[in-house]
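A.B. asks:
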Amino acid sequence: MKYFKILLTLLSLFTVISCEGNAAVNYTLTYIAGAHGSITGNSPQTVAAGSDGTPVTAKADDGFHFTSWTDDSVQNPRTDKNIQTNLNVTANFEKDITSYTLTYTAGAHGSITGNSPQTIAAGSDGTPVTAKADDGFHFTSWSDNSTQNPRTDTNVQADLNVTANFEKDKANYILTYTAGAHGSITGNSPQTVAAGSDGTPVTAKADDGFHFTSWTDDSVQNPRTDKNIQASLNVTAKFEKDKANYTLTYTAGAHGSINGSSPQTVAAGSDGTPVTAKANNGFHFTSWSDESVQNPRTDSNVQSDLNVTANFAENVSISTLKNQYNANELVSVSVN
């Protein structure tokens, strides 16, 4: 009997130890509402390790809104899953923003017309404001890069503070184009052009029998467009009488020929093209009929008609005298 009691005691002890070794671990999830809100759902929750909690919701009071939990989670409703530790978090709430302030300021050299600052309900529209530049200046943009002017901000969702920027007006310059004698100008003249901008094209047109040569600033551009203007301009187009054409005629005399163009029509003051007087066999070139001996010949800066003939002469051979003769003796010499 005593043996049986000892065995029963050992079996009971083993059962207790075995049960304690297999007992499940539980964790506690605690959800608390901070000021201006409440929690819906179970809190605290007892959850077995590795299991999921049940949903809880942070509900804000009127005029407030949920922002986050103290563990930085923004999940709402919130369900914590695969629980491995206790949890204690608080829901944070903030007061709702019901209105925003729109502030419009003028930078240097200008002013603002319209209401500033403006208090605007969230989602509503502001009222128009205008950036007005001082004399000699102009509006360029607002500091938020908007170029709207007047400006009306709509569906306002945040405070706004912007400044109007102004810049000095660019100077204007005058471009004057005049025609000299024997011509005219087509295109606008004078032209008023803002500094740094481009003018519009003008053309110097010559009268019949004349031609454009240049402008008085030495430009030969025609048509002419002046660009990136930085100063006023006053120029006159110059014209000259068309030059006459002259004829250069080159002819070969007996015993030769001419290589090159003949006749040639050449504008006054221009140059002709080369011509060559070529002698026949047994003859050679001697000169042109105007006594020029240039060959080939190119007449330059032609100012009149020209008509010249190439002259040729027969080649002459002289044999050396090898005999001896007495002084003062008459000797006959023949030319072959």
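Each step along the sequence shown adds one to the number in the numbering used here, with nothing skipped, and position 266 is 266.
Cβ coordinates follow ideal geometry from the N, Cα and C atoms, glycine included.
For Thr98, which residues of its own chain have a beta-carbon under 7 Å away from its beta-carbon, when the five flanking residues on both sides are left out?
C.D. replies: Along the sequence shown, read from residue 1 onward, the residue named residue 98 stands at position 98. For Thr98, where only same-chain residues beyond five positions count, the Cβ hits under 7 Å are Ala121 and Ala122.
A.B. asks: Once you ignore the five residues that flank Ile83 on each side, which residues in its own chain have a CB closer than 8 Å to its CB?
C.D. replies: For the purposes of this step, residue 83 is taken as residue 83 along the sequence shown, with counting starting at 1. Around Ile83: Tyr27, Leu29, Val47, Ala48, Ala49, Gly50, Ser51, Asp52 and Gly53.
A.B. asks: Measuring only the C-alpha atoms, how far is Ser317 from Phe283?
C.D. replies: The residue given as residue 317 occupies position 317 in the sequence shown. The residue given as residue 283 occupies position 283 in the sequence shown. Ser317 and Phe283: Cα-Cα distance of roughly 12 Å.
A.B. asks: So what's Lys59 in DSSP terms, helix, strand or just coil?
C.D. replies: What you label residue 59 is simply residue 59 of the sequence shown in a count that begins at 1. Strand at Lys59.
A.B. asks: Label Asn311 either buried or exposed according to how many other C-beta atoms from any shown protein chain fall within 10 Å of its C-beta, with 16 as the threshold for buried.
C.D. replies: The count along the sequence shown starts at 1 and reaches residue 311 at position 311. Asn311 is buried by the Cβ-count criterion.
A.B. asks: With a floor of 3 residues, list each beta strand (DSSP E) that falls wholly inside the region 22-82, ordered by position along the chain.
C.D. replies: 26-33, 37-40, 45-48, 57-60 and 64-69
A.B. asks: What would DSSP say about Gly196, mapped onto helix, strand or coil?
C.D. replies: Taking the sequence shown and counting its residues from 1, the one referred to as residue 196 is at position 196. Here Gly196 sits in coil by DSSP.
A.B. asks: Tell me, which residues are paired with Ala106 by DSSP?
C.D. replies: Taking the first residue of the sequence shown as 1, we reach residue 106 at position 106. Answer by DSSP bridge pairing, in chain order: Ala164.
A.B. asks: Is it true that the CB of Thr40 sits closer than 8 Å to the CB of Thr57?
C.D. replies: Position 57 of the sequence shown, counting from 1, holds the residue named residue 57. Position 40 of the sequence shown, counting from 1, holds the residue named residue 40. Yes, they are a contact pair.
A.B. asks: What is the DSSP secondary structure of Ile174, reduced to helix, strand or coil?
C.D. replies: Here residue 174 is taken as the residue at index 174 of the sequence shown, counted from 1. Here Ile174 sits in strand by DSSP.
A.B. asks: Just tell me which of Asn88, Thr147, Ala35 and Leu233 has its CA closest to the CA of Thr193.
C.D. replies: If you number the sequence shown from 1, residue 193 lands on position 193. First, the amino acid is wrong: residue 193 is Val here, not Thr. Considering only alpha carbons, the answer is Leu233.
A.B. asks: Pull up the distance between the alpha-carbon of Gly63 and that of His36, whole angstroms please.
C.D. replies: If you number the sequence shown from 1, residue 63 lands on position 63. If you number the sequence shown from 1, residue 36 lands on position 36. Going from the Cα of Gly63 to the Cα of His36 covers about 9 Å.
A.B. asks: Name, in chain order, the residues that DSSP records as bridge partners for His284.
C.D. replies: On the sequence shown, position 284 is the one that residue 284 refers to. Ala313, per the DSSP bridge assignment.
A.B. asks: Could you round the C-beta distance between Val202 and Tyr177 to whole angstroms and report it? I think they count as a contact, below 8 Å.
C.D. replies: In the sequence shown, residue 202 corresponds to position 202, counting from 1. In the sequence shown, residue 177 corresponds to position 177, counting from 1. That belief holds up - the Cβ atoms of Val202 and Tyr177 are roughly 5 Å apart, short of 8 Å.
A.B. asks: Taking 8 Å as the threshold, find out whether the region 296-307 comes into contact with the region 263-282 through three or more Cβ pairs.
C.D. replies: yes
A.B. asks: Counting C-beta neighbours from all protein chains within 10 Å, is the total for Val25 16 or more, i.e. buried, or is it exposed?
C.D. replies: Here the question's residue 25 lines up with position 25 in the sequence shown. Per the 10 Å Cβ criterion, exposed.
A.B. asks: Would you call the CB atoms of Thr298 and Pro274 closer than 8 Å?
C.D. replies: In the sequence shown, residue 298 corresponds to position 298, counting from 1. In the sequence shown, residue 274 corresponds to position 274, counting from 1. Yes, the pair counts as a contact, with Cβ atoms nearer than the cut-off.
A.B. asks: Alpha carbon to alpha carbon, how far is Asp96 from Asn88? Give it in angstroms, no decimals.
C.D. replies: What you label residue 88 is simply residue 88 of the sequence shown in a count that begins at 1. What you label residue 96 is simply residue 96 of the sequence shown in a count that begins at 1. One C-alpha to the other measures close to 26 Å.
A.B. asks: What's the C-alpha gap between Ser257 and Glu291?
C.D. replies: The residue you call residue 257 lines up with position 257 of the sequence shown. The residue you call residue 291 lines up with position 291 of the sequence shown. Each residue's alpha carbon lies about 18 Å from the other.
A.B. asks: Less than 8 Å between the C-beta atoms of Val129 and Asn115, yes or no?
C.D. replies: Counted from its first residue, the sequence shown places residue 129 at position 129. Counted from its first residue, the sequence shown places residue 115 at position 115. Yes, the Cβ-Cβ distance between Val129 and Asn115 is below 8 Å.
A.B. asks: Using the beta-carbon count (16 or more within 10 Å), is Gln221 buried or exposed?
C.D. replies: Position 221 of the sequence shown, counted from the first residue, corresponds to residue 221. Classification for Gln221: exposed.
A.B. asks: Does the Cβ-Cβ distance between Phe139 and Ala164 come in under 8 Å?
C.D. replies: Counted from its first residue, the sequence shown places residue 139 at position 139. Counted from its first residue, the sequence shown places residue 164 at position 164. Contact: yes.
A.B. asks: Report back the beta-carbon spacing between Thr276 and Asn295 to the nearest angstrom; my notes put them in contact at under 8 Å.
C.D. replies: Residue numbering aside, residue 276 sits at position 276 when the sequence shown is read from its first letter. Residue numbering aside, residue 295 sits at position 295 when the sequence shown is read from its first letter. Beta-carbon to beta-carbon, Thr276 and Asn295 are separated by about 6 Å, close enough to satisfy the 8 Å threshold.
A.B. asks: Which ranges would you report for the beta strand (DSSP E) in the region 176-252 if only whole runs of at least 3 residues count?
C.D. replies: 183-186, 191-194, 203-206, 210-215, 233-241 and 245-252
A.B. asks: Grab me the residues of Ala206's own chain with a C-beta within less than 7 Å of its C-beta, minus the 5 sequence neighbours each way, in chain order.
C.D. replies: Sequence index remark: in the sequence shown, residue 206 carries index 206 (1-based). The answer, listed in chain order, is His182, Gly183, Phe212 and Phe239.
A.B. asks: For Asn161, count neighbouring Cβ atoms within 10 angstroms of its own Cβ and tell me buried if that reaches 16, exposed if not.
C.D. replies: Working through the sequence shown from its first residue, we reach residue 161 at position 161. It counts as exposed.
A.B. asks: Which partner residues does Gly269 have in the DSSP bridge list?
C.D. replies: Looking up residue 269 in the sequence shown gives position 269. Note: Gly269 sits in no beta bridge, so no partner.
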